[in-house]
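Student: Residue numbers (the working numbering), protein chains in the order written: chain A, 162 to 543; chain B, 162 to 543; chain C, 162 to 543; chain D, 162 to 543.
Ideal Cβ positions, reconstructed from N, Cα and C, are used throughout, including at glycine.
There are 4 protein chains.
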Amino acid sequence: MMVGIWLIGARGSVATTVVAGAAALRAGLAPPIGCVTELPEFRGSGLPGFGHLVFGGHDVTSTPLTKRAEELTRSGVIPPPLAELVRPALDAADSEIRPGVTVPSGGSGQDSQAAVARRLIGDLAEFRERRGLARVIVINVSSTEPPAAPDPAHLSLAALERALEGDVPLLPPSSLYAYAALSAGCPYVDFTPSTGARLPALDELARRRGLPYAGSDAKTGETLVKTALAPLFAVRGLAVRSWSGTNLLGGGDGATLADPAAGESKKISKDRALAEILGHQVDGQTHIDNVPHLGDWKTAWDHITFDGFLGVRMSMQFTWQGCDSALAAPLVLDLARLMARAHERGVAGPVAEFGFFFKDPVGSGEHRLHAQYEALRQWLEA
Amino acid sequence: MMVGIWLIGARGSVATTVVAGAAALRAGLAPPIGCVTELPEFRGSGLPGFGHLVFGGHDVTSTPLTKRAEELTRSGVIPPPLAELVRPALDAADSEIRPGVTVPSGGSGQDSQAAVARRLIGDLAEFRERRGLARVIVINVSSTEPPAAPDPAHLSLAALERALEGDVPLLPPSSLYAYAALSAGCPYVDFTPSTGARLPALDELARRRGLPYAGSDAKTGETLVKTALAPLFAVRGLAVRSWSGTNLLGGGDGATLADPAAGESKKISKDRALAEILGHQVDGQTHIDNVPHLGDWKTAWDHITFDGFLGVRMSMQFTWQGCDSALAAPLVLDLARLMARAHERGVAGPVAEFGFFFKDPVGSGEHRLHAQYEALRQWLEA
Amino acid sequence: MMVGIWLIGARGSVATTVVAGAAALRAGLAPPIGCVTELPEFRGSGLPGFGHLVFGGHDVTSTPLTKRAEELTRSGVIPPPLAELVRPALDAADSEIRPGVTVPSGGSGQDSQAAVARRLIGDLAEFRERRGLARVIVINVSSTEPPAAPDPAHLSLAALERALEGDVPLLPPSSLYAYAALSAGCPYVDFTPSTGARLPALDELARRRGLPYAGSDAKTGETLVKTALAPLFAVRGLAVRSWSGTNLLGGGDGATLADPAAGESKKISKDRALAEILGHQVDGQTHIDNVPHLGDWKTAWDHITFDGFLGVRMSMQFTWQGCDSALAAPLVLDLARLMARAHERGVAGPVAEFGFFFKDPVGSGEHRLHAQYEALRQWLEA
Amino acid sequence: MMVGIWLIGARGSVATTVVAGAAALRAGLAPPIGCVTELPEFRGSGLPGFGHLVFGGHDVTSTPLTKRAEELTRSGVIPPPLAELVRPALDAADSEIRPGVTVPSGGSGQDSQAAVARRLIGDLAEFRERRGLARVIVINVSSTEPPAAPDPAHLSLAALERALEGDVPLLPPSSLYAYAALSAGCPYVDFTPSTGARLPALDELARRRGLPYAGSDAKTGETLVKTALAPLFAVRGLAVRSWSGTNLLGGGDGATLADPAAGESKKISKDRALAEILGHQVDGQTHIDNVPHLGDWKTAWDHITFDGFLGVRMSMQFTWQGCDSALAAPLVLDLARLMARAHERGVAGPVAEFGFFFKDPVGSGEHRLHAQYEALRQWLEA
């Protein structure tokens, strides 16, 4: 049976790389580098094949995927000959993209968020039926939102549904999408640090509907390295005193995260891991700078100071230079395939075992990369 | 009961830091930073306390430990006030150091290696008895030797013991020490990449005598980081294409390892881990340069290139700046305490579970730091 | 004849290193590493010898210099044996330190700034006379102030002197010290990015009194490297697109500069050089983070992206790891000796040729290190 | 009048980038980034325009330039649309490439080197006449040769010409090309560290024929940065103690230079600059590693240790990540244009003022980048 992948932010760089990449993998035009679900330990698990994925999504812009793919070719993400060959797949996905929702402004004359949600739910149901899909996994790969203001209506499903009918917008877009996805019977994954399904009311909805959700904020660079490296200091009893990081990135992501409000979401999400792994707070700041010249590439520099035996001061630095879309895209495919399995199994609520993919894993306090990998492996084997 | 730690290379920087550090820990003058056996998970295991360790050793030089400690103070390893306070402990260890053996030159008129071994065995037995020790752990922290030339007499204990009586030196010093240690009923640890106990004849001796041994080449810098970091690429399915490393170090170690023959031992030992973890060979060389100005400090720079999704080329670099003696010394204490437990338990032959400490773990093909840690933890708990 | 060096911030790390270092150089206990005026090209210029310098200063704290020297010994700046030997010189300087002024709070009952200035002038005059000094050079090495609020009274000497008699404090401390120095007939150097003599009214005072002044913000790390490196891109026609920098530092300086207001002074001063050298603005931010564990050490990481032929994107990174006080101290001695010569020559107003030492050179738009060096060399030869 | 550029190694990456780039600049399809002769200070000097350059050359392979350009497009050097547009220019240059000479093997039956030289001279003369060129500049951009064995016949032109008629090959290819170029009345530039014109006999030939030559080994990465950075330490009196470098590069250049013999030429050439600038030898090695995955890109990591005031030890590191062909190509154009001017002016022998471009400048001991720039600027203005 076919599985739908419904991308929020379906016209962005990550989504375009996902669609192009899935087509390339299906056709055997590229090896599945960076796909965790294609590792030898996972390959025989009977997850949905790359040929069984159908793409659609929501987006607020109307740039065709083929145009976005051209930009990705220029910036070195999609090789030129491949871009040609996957054009039909991009066009097919394009025809399944529906208008998204923007930051709610509120005010009379506007649709209530309940009305907007009904439209989104309709888009999902219509996609599932028309394409005859066994299930549809909704994955948010849109731009990071600022942290959402707390509201009492976020605390229970009843209160939330009542409030959604009113004039005042209560949910940030990511949570409205999560609400719509769960209401439409679709698992939901938040690839960004946005609020998404992380509200008590939405958790209640997921459990009531018997649906899994996962998130948030995929780790693809600095935090990925951090969660592989920090355990070294922990198991060797070395006393980390400071961990400072500077992230330089361009593209739309650079501009979004350089905005202090959205950057704040990201930094909170990034900082959690370290204290959890080391067992104590450490000094040091994390900067996120927009450097337009870097385009889709990001450079992270981290500087760590630590004490060794007899208090001798030592240090370590690393520089990570990666291409954001190429790091993210295979994980989107992994999460879609794994979420399909979670849905089959009837998991309800957060899937803690998917923490391997996230900076801020919902349902789990484990941040050590290897332990997360082991948990994922065991979950899939079970 | 008291436990003896007999250091080969007992007047070197590492040995001096071990003796000074143990005294500081015993007196509560310094926290046990960098001691794995003092981590919460290990602390309650009933290993011998820092107050139950007695130091002695062999060395070919006669520099007093207090003089070496002064040098270590100047280079920032031992804090000045501490150097004063541990002076009596250094003097006590000094009085237990006996003349070591140098690279055998062979030739008539010289003692046979069997005769030399008898002297070393006598030193160990005399130390154990005079100080009333439950056991003595022999740990080689001397300079790295060139790889030893293979010899048929290395293949069985009988052949070896026959050959040792002859004129021609058959064993490199590290192996002669290992032979003496095992013959004297002492567990043996090789902290260096030298041959040590890694000959079939010596393995036979260990098993016959029911003695544990471990090694080799403690991981304290570049390889430590490598074995924490390489699994990241493996579990994420990222295709590492090259891993290049340059190690700059001064001190005696820098001079020794810049010698192509000894450096060769080190590089072989360093390179094994990567291919094991990644499952394939990668391009790239490892350089070890002597930079006298760095003194006891070492700087490693590693540069990694890898392919991501759709073949996009990415890279990572790290720089590790550490103090060699301060990184090594707590591991010597850890190994002594753990080896005492292995001896108590009657382990015979290589202790594979101590691979956590080594670049080239004898008895084990596991190089991933976290898996090694887990194996060690389980061994101690068992 | 003897020359006085009057340090504002005379009990800080830089000042203590200056006094200890001058004593060490005078006694031949250390070579003059880092002293520009001791380079072969400068050595024969007849500048005042290290034995002809007498130290005094103002400070708001009362920590004895010997105590500060002990801290500097612990953090590796002053070698332990040297600290002992220069103790008398530290005590001598200590006896010449007078209470400084803090940030003016204003309000009735307080002394007017004119009254405070009269006290400062008295301290300087008394020092010069009692010690029989040919001249006294005042050098501000205290903590960085926030940028000063503009005031019409800053625009002319007459307006300023009138306003200083009033209740409302008009000048930040650095400018009050500069006013006092110039009024007392002393050349003034600002080693920090604080306002100092850089007000039209104080420039007028310097010119009227025929006194030289110089500043501001000594370049000792990131900016020093920047002004040596940026010309490379300029002379090779490579198109720098971004230059991002992160500065990690501890000590008092780290805490001060992490304060957004004071950090702002620093960043303005740091950013000026790049645009001047490259001829255009480039993207990129400069961060200054307080990392207490680094103590007196600072680490700067800079990341540069540039386009080459046919628009190919390339990058460069550097890391600078230096000890702030040890980098600054010899330049303080250089500036004192050079300023003595400027005073002898009767230079009035800013000494543009001293721009070599500064991030934000008063009187000069030249930021290229080599061109600044050449200008300095020619000035001294003239 | 038109000027010919005759490239030795005319089918390599650098040559292809030169031809494609010149066509792009001529057509206004790309700005002249990286061209020194297009800086404001040089632009009005009346050097030959990009539209006045005609390309030809020698090469031992027969790969068409358009094929090599495709490879350069894949590795990100030539943008895809540009590659299309410059195709006619590549074809035109292709038709002017003649068979080159390989490493002489000697032995009976082979042509003497004199005979080979006559063929090369004929190629050059024929190119000049057929295309009606004012002058032809010969530039060696082929692979690096091992250092040449000294021979008495290298010491005078008479001895050389006699010996060339014999059976035994006396000159490495680069010197045979230089001999042919000068004999044909063409200025010669060595862009590589090969011997080229740097033999007394060839210098004699150049002076006798009134021809300029220049070299050797263009600085485009590590050494370029070194010669901009080392003066910083010199003018600040900081005592550099070690300078270690590791160069990682792929492409043909990586394979060639990883060969110890050719790498030796490079290292000798790279090491000269540092001691000259600092005035003393420093510790530290330079490694050149072949990392095929890097393709046309190279990464250099340099680590510098230095002492500051009172002997405090500090360090600096830099990483340079550049594209070799894109760094080299504009300098080839610069040198061709400048050499045309030198030829016009009748310069005979080495042009010391072109040292700005080279790691091992013939005719000059000046290695400081800024001083070399100044010398070049003054020469052109004169």
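#1: Would you report the Cα separation of residue 322 (chain A) and residue 275 (chain A), rounded to the nearest angstrom?
#2: Can you give me, in chain order, the residues of the stretch 518–535 of chain A that have a beta carbon less than 9 Å from any beta carbon in chain D?
#3: Do you know how far the Cα of residue 195 (chain A) is from the Cα of residue 526 (chain A)?
#4: If you draw a straight line from the alpha carbon of residue 333 (chain C) to that of residue 400 (chain C), how long is it in whole angstroms?
#5: Helix, strand or coil for residue 239 (chain D) per DSSP?
#6: State the start and end residues of the unbroken alpha helix (DSSP H) segment that holds residue 460 (chain B).
#7: With H, G and I counted as helix, E and B as strand and the rest as coil, what does DSSP make of residue 529 (chain A)?
#8: Name the DSSP bridge partner or partners of residue 478 (chain B)?
#9: By the 10 Å Cβ neighbour count, where 16 or more other Cβ atoms means buried, how is residue 252 (chain D) classified, buried or exposed?
#10: Determine, using beta carbons only, whether residue 229 (chain D) and residue 177 (chain D) come nearer to each other than 7 Å.
#11: With 7 Å as the threshold, decide whether the Cβ of residue 191 (chain D) is near any Cβ in chain C.
#12: Determine the closest residue to residue 378 (chain A) out of A:504, A:530, A:342, A:426, with distance taken between C-alpha atoms.
#13: Is any beta-carbon of chain D found at less than 7 Å from that of residue 410 (chain B)?
#14: Hey, residue 470 (chain B) and residue 490 (chain A) are a contact pair by Cβ (cut 8 Å); roughly how many whole angstroms apart?
#15: Hey, how far is the Cα of residue 352 (chain D) from the Cα of residue 324 (chain D)?
#16: Of all Cβ atoms in chain B, is any one closer than 7 Å to the Cβ of residue 194 (chain A)?
#17: Any beta carbon from chain D within less than 7 Å of residue 483 (chain C)'s own beta carbon?
#18: Would you say the stretch 449–467 of chain D touches the stretch 433–442 of chain C, given that touching needs at least three Cβ pairs under 8 Å?
#19: Quick check on residue 219 (chain A): does DSSP put it in helix, strand or coil?
#20: By the three-class DSSP mapping on this structure, what secondary structure does residue 279 (chain B) have?
#21: Can you give the Cα-Cα distance for residue 238 (chain C) and residue 232 (chain C), rounded to whole angstroms?
#22: Please tell me whether residue 454 (chain B) has its Cβ less than 7 Å away from any Cβ of chain F.
#23: Buried or exposed: residue 422 (chain D), going by 16 or more other Cβ atoms within 10 Å of its Cβ?
#24: Can you tell me which of C:220, C:291, C:181 puts its alpha carbon nearest to the alpha carbon of residue 164 (chain C)?
#25: Which stretch, first to last residue, makes up the alpha helix (DSSP H) that contains residue 414 (chain C)?
#26: For residue 515 (chain B), I'd like the list of residues in its chain whose CB is within less than 6 Å of its CB, leaving aside the five on either flank, ordered along the chain.
#27: Which runs of the beta strand (DSSP E) at least 3 residues long sit entirely within the stretch 310–372 of chain D? Give them in chain order.
#28: With a CB to CB cut of under 8 Å and the five nearest residues on each side skipped, what residues in its chain are close to residue 213 (chain B)?
#29: 7 Å is my cut-off, CB to CB: does residue 333 (chain A) come that close to chain D?
#30: Give the straight-line distance between the Cα atoms of residue 402 (chain D) and residue 403 (chain A), rounded to the nearest whole angstrom.
#31: Nearest-angstrom Cα distance between residue 241 (chain C) and residue 487 (chain B)?
#32: Should residue 399 (chain B) be flagged as near chain A, meaning a C-beta pair shorter than 7 Å?
#33: Between the alpha carbons of residue 320 (chain A) and residue 343 (chain A), how many angstroms are there, rounded?
#34: Does DSSP put residue 401 (chain B) in a helix, in a strand, or in coil?
#35: Any residues in the stretch 383–407 of chain B with a beta carbon nearer than 7 Å to a beta carbon of chain D? Which ones, in chain order?
#36: Quick check: the stretch 471–486 of chain D against the stretch 470–480 of chain C, are there 3 or more CB pairs under 8 Å?
Tutor: Taking the geometry as given:
#1: Going from the Cα of residue 322 (chain A) to the Cα of residue 275 (chain A) covers about 8 Å.
#2: Listed in chain order, the positions of the stretch 518–535 of chain A with a beta carbon within less than 9 Å of a beta carbon of chain D would be empty, since no residue qualifies.
#3: CA-to-CA, the gap between residue 526 (chain A) and residue 195 (chain A) works out to about 25 Å.
#4: Pairing residue 333 (chain C) with residue 400 (chain C), the inter-Cα distance amounts to about 40 Å.
#5: Three-state DSSP puts residue 239 (chain D) in coil, outside helix and strand.
#6: Residue 460 (chain B) -> not in any alpha helix (DSSP H); beta strand (DSSP E) instead, spanning 458–468.
#7: Three-state result, residue 529 (chain A): coil.
#8: Residue 478 (chain B) pairs with A:480, B:464.
#9: Using a 10 angstroms sphere on the CB of residue 252 (chain D), the tally of other CB atoms stays under 16, which defines it as exposed.
#10: Taking 7 Å as the Cβ cut-off, residue 229 (chain D) and residue 177 (chain D) qualify as a contacting pair.
#11: Interface residue, yes.
#12: Of the candidates A:504, A:530, A:342, A:426, the one whose C-alpha sits nearest the C-alpha of residue 378 (chain A) is A:426.
#13: No, because no Cβ of chain D sits closer than 7 Å to the Cβ of residue 410 (chain B).
#14: With a Cβ gap of about 5 Å, residue 470 (chain B) and residue 490 (chain A) count as contacting.
#15: If you draw a straight line from the Cα of residue 352 (chain D) to the Cα of residue 324 (chain D), it comes to about 27 Å.
#16: Against chain B, the CB of residue 194 (chain A) has a partner CB under 7 Å away; the residue lies at that interface.
#17: Cβ-Cβ to chain D under 7 Å: yes for residue 483 (chain C).
#18: With the cut-off at 8 Å, the stretch 449–467 of chain D and the stretch 433–442 of chain C do not touch.
#19: Residue 219 (chain A): strand per DSSP, three-state reduction.
#20: Helix at residue 279 (chain B).
#21: In a straight line, the C-alpha of residue 238 (chain C) is about 9 Å away from that of residue 232 (chain C).
#22: The displayed structure is made up of protein chains A, B, C and D, and chain F is not among them.
#23: In this structure residue 422 (chain D) is exposed. Its beta-carbon is surrounded by fewer than 16 other beta-carbon atoms within 10 angstroms.
#24: Ranking the options by Cα distance to residue 164 (chain C), first place goes to C:291.
#25: In this chain, the alpha helix (DSSP H) harbouring residue 414 (chain C) covers 412–419.
#26: Cβ neighbours of residue 515 (chain B) beyond the five flanking positions: 375.
#27: The beta strand (DSSP E) runs lying completely inside the stretch 310–372 of chain D and spanning 3 residues or more are 349–351, given in chain order.
#28: Counting only Cβ-Cβ distances below 8 Å, and skipping sequence neighbours, we find 162, 163, 164.
#29: False, the Cβ-Cβ gap to chain D never drops below 7 Å.
#30: Distance between the alpha carbons of residue 402 (chain D) and residue 403 (chain A): 29 Å.
#31: Looking at the two C-alpha atoms, the distance is approximately 21 Å.
#32: The beta-carbon of residue 399 (chain B) is placed less than 7 Å from the nearest beta-carbon of chain A.
#33: Computed Cα separation, rounded: 17 Å.
#34: In the displayed model, residue 401 (chain B) falls within a strand according to three-state DSSP.
#35: Along the stretch 383–407 of chain B, the positions whose C-beta sits under 7 Å from a C-beta of chain D are 402, 403, 405, 407, read in chain order.
#36: The stretch 471–486 of chain D makes contact with the stretch 470–480 of chain C, as at least three CB pairs between them are under 8 Å.
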